[in-house]
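Trainee: The following block contains the structure, expressed as structure tokens.
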Amino acid sequence: MPIFSRLIPVAVSAFALQLGLASVFVPRAEDRFYDLSGAAGFLTTTLVSIYYPSVQSRLPFLGAPQRVVPLSHVRLAPRQLLLTAALIIWTGRLGMFLVQRALKAGGDSRLDEIKHSKLKFTGAWTAQATWVFVVGLPVYLSNLVPASAHPPLRALDYVALAFVAASFAFEVTADRQKSAWRHARDSNKHNEKFITSGLWGWSRHPNYVGEVGIWTGMWSLAALSGALSWPAVLAAAASPLGTYFLTRYVSGVPPLERAGDKKFGDDPKWKEYRRTVPVFFPWGGYE
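Everything in the sequence shown is counted per the numbering used here, starting at 32 for the first residue and increasing by one.
The structure is reproduced here in structure tokens:
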């Protein structure tokens, strides 16, 4: 389908940036800017999805028409603007939060065991490129559809947007609560080994719950428009589903749970926390 062929430059931009940065950071075993590079990837791929028709018109070998469309003439429908703005806000906030944490800690603990292996560390950068491409699909696919094909915003769109906003607030609150808890611990205001208050008393990983909610809302805002074909709607669903799978079963919850068990496995309070607070969604599931 034409819309999927338009995704090729988006995918190329995602992988080109991450592998280009990997060529700089992998030989140095430098992981402090890994998350910031991911945030930059979301921004560049989004720009490609917006400006692709103009880029295409400048490259005849892509089968482009002869007429050049100036970038200043690019127009986005309200839904496209909302999706793009939401992605920029989300990735900007998360990227800065994670890079500040990595700089303060002197690195990314998730990559400690692989950053000295060039092959494995390159694999991490390749995985990040895949993450950037797949997770952003609702935005990229929506932007690749002509603005005129998007109907006006409807009630369901506002519900989806509200869900994005609420999930974003949930994620930000969780991150701020943990940062405040760490600051209080470092200031000797408490001697707790792990956080159990606020949203962290509802879920052991509330920040990831917010992440899944954000991309579920983004998918809904794109999919419910009627502007995307059903194959595109199903492809975009890889975003929230992939986010959930990755955070819940791969690189999010599992290493953190293992680290917690290693540090606090014999602590009765940790055992009680694991027994009484759900591992992910607040409504249940403890393992």
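All C-beta atoms in this analysis are idealised placements derived from N, C-alpha and C, irrespective of residue type, glycine included.
Since the structure is predicted, the reported quantities are computational estimates derived from the model, not experimental observations.
#1: If Ala117 and Thr76 are in contact, beta carbons under 8 Å, what's the gap, nearest whole angstrom?
#2: What separation, rounded to the nearest whole angstrom, lies between the Cα atoms of Pro237 and Glu202?
#3: Report yes or no: do three or more beta-carbon pairs, one from the stretch 151-170 and one from the stretch 38-54, lie closer than 8 Å?
#4: Give the DSSP-derived three-state secondary structure of Asp320 in the structure shown.
#5: Scan the stretch 168-217 and note each continuous alpha helix (DSSP H) run of 4 residues or more that stays entirely inside, going in chain order.
#6: Could you check whether the Cβ of Ile145 sits closer than 7 Å to any heavy atom belonging to the ligand SAH?
#7: Cβ atoms of Asp188 and Arg110: under 8 Å apart, would you say?
#8: Where does Asp139 fall in DSSP's three states?
#9: What is the C-beta distance between Ala253 and Pro169, in whole angstroms, given that I count them as a contact (C-beta under 8 Å)?
#10: Buried or exposed for Tyr275, going by 16 or more other Cβ atoms inside 10 Å?
#11: Identify whether Pro309 lies in helix, strand or coil by the three-state DSSP scheme.
#12: Enumerate in chain order the residues of its own chain whose CB-to-CB distance from Ala42 is below 7 Å, with the five nearest sequence positions on each side excluded.
#13: Go ahead and pull the three-state DSSP assignment for Val163.
#14: With DSSP as the reference, label Pro96 as helix, strand or coil.
#15: Is the Cβ-Cβ distance between Tyr65 and Arg37 less than 8 Å?
#16: Tell me where the alpha helix (DSSP H) around Asn222 begins and ends.
#17: According to DSSP, is Ser68 helix, strand or coil?
#18: I'd like to check one pair, Val308 with Arg235: are the Cβ atoms closer than 8 Å?
#19: For the stretch 251-268 against the stretch 287-294, do three or more pairs of beta-carbon atoms, one drawn from each stretch, fall closer than 8 Å, so that the two count as touching?
#20: From Leu272, Gly229 and Ser228, pick the residue whose C-alpha is nearest to that of Gly248; which is it?
#21: Under 8 Å Cβ to Cβ from Tyr304, same chain only, skipping five residues before and after it: list those, please.
#22: Evaluate Phe73 with the Cβ neighbour count: other Cβ atoms within 10 Å of its Cβ, from every protein chain shown; 16 or more gives buried, anything less gives exposed.
#23: Out of Ser173, Ala196, Trp231 and Ser210, state which residue places its alpha-carbon closest to the alpha-carbon of Leu255.
#24: Which value, in whole angstroms, describes the spacing of the CA atoms of Leu277 and Gly283?
#25: Which ranges would you report for the alpha helix (DSSP H) in the stretch 237-303 if only whole runs of at least 4 residues count?
Mentor: In terms of the structure at hand:
#1: Locating residue 117 in the sequence shown gives position 86, where the first residue counts as 1. Locating residue 76 in the sequence shown gives position 45, where the first residue counts as 1. Contact doesn't hold; Cβ gap of about 15 Å is too wide.
#2: Here residue 237 refers to the residue found at position 206 of the sequence shown. Here residue 202 refers to the residue found at position 171 of the sequence shown. Whole-angstrom Cα-Cα distance: 7 Å.
#3: yes
#4: In the structure displayed, the chain extends from 32 to 318; residue 320 sits before or after that span and is not available.
#5: 168-175 and 186-217
#6: You won't find the ligand SAH in this model; it holds no ligand whatsoever.
#7: On the sequence shown, position 79 is the one that residue 110 refers to. On the sequence shown, position 157 is the one that residue 188 refers to. Cβ distance < 8 Å, so Arg110 and Asp188 count as in contact.
#8: Translated into the one-based positions of the sequence shown, residue 139 becomes position 108. Coil.
#9: Mapped onto the sequence shown, residue 253 falls at position 222. Mapped onto the sequence shown, residue 169 falls at position 138. With 8 Å as the limit, Ala253 and Pro169 qualify as a contact, their Cβ atoms being about 4 Å apart.
#10: The residue given as residue 275 occupies position 244 in the sequence shown. Looking at its Cβ environment, which holds 16 or more other Cβ atoms inside 10 Å, Tyr275 is buried.
#11: Mapped onto the sequence shown, residue 309 falls at position 278. Reduced to three states, the DSSP call for Pro309 is coil.
#12: Position 11 of the sequence shown, counting from 1, holds the residue named residue 42. For Ala42, where only same-chain residues beyond five positions count, the Cβ hits under 7 Å are Phe164.
#13: As a first step, residue 163 is located in the sequence shown; it is residue number 132 there, counting from the start. Three-state DSSP puts Val163 in a helix.
#14: For the purposes of this step, residue 96 is taken as residue 65 along the sequence shown, with counting starting at 1. A caution first: Pro96 carries a pLDDT of 49, below 50, which makes its placement in the model too unreliable to give a value.
#15: Residue numbering aside, residue 65 sits at position 34 when the sequence shown is read from its first letter. Residue numbering aside, residue 37 sits at position 6 when the sequence shown is read from its first letter. Not a contact, by the Cβ cut-off of 8 Å.
#16: To locate residue 222, count along the sequence shown from 1; it is residue 191. Taken as a continuous stretch (DSSP letters only), Asn222 belongs to no alpha helix (DSSP H), as it is neither H nor E.
#17: Working through the sequence shown from its first residue, we reach residue 68 at position 37. In the structure shown, Ser68 sits in a helix (DSSP, three-state: H, G or I).
#18: Start at 1 with the first residue of the sequence shown, and residue 235 comes out as number 204. Start at 1 with the first residue of the sequence shown, and residue 308 comes out as number 277. Yes, Cβ-Cβ distance for Arg235 and Val308 is below 8 Å.
#19: no
#20: Numbered from its first residue, the sequence shown carries residue 248 at position 217. Among Leu272, Gly229 and Ser228, the Cα nearest to that of Gly248 is on Leu272.
#21: For the purposes of this step, residue 304 is taken as the residue at position 273 of the sequence shown. Counting only Cβ-Cβ distances below 8 Å, and skipping sequence neighbours, we find Phe225, Thr227 and Arg235.
#22: Residue mapping note: residue 73 aligns to position 42 of the sequence shown, counting from 1. Buried.
#23: Within the sequence shown, the letter at position 224 stands for residue 255. The option with the nearest alpha carbon to Leu255 is Ser173.
#24: On the sequence shown, residue 277 is found 246 positions in, with the first residue counted as 1. On the sequence shown, residue 283 is found 252 positions in, with the first residue counted as 1. If you take the alpha carbons of Leu277 and Gly283, they lie about 7 Å apart.
#25: 237-254, 261-267, 269-276 and 284-295
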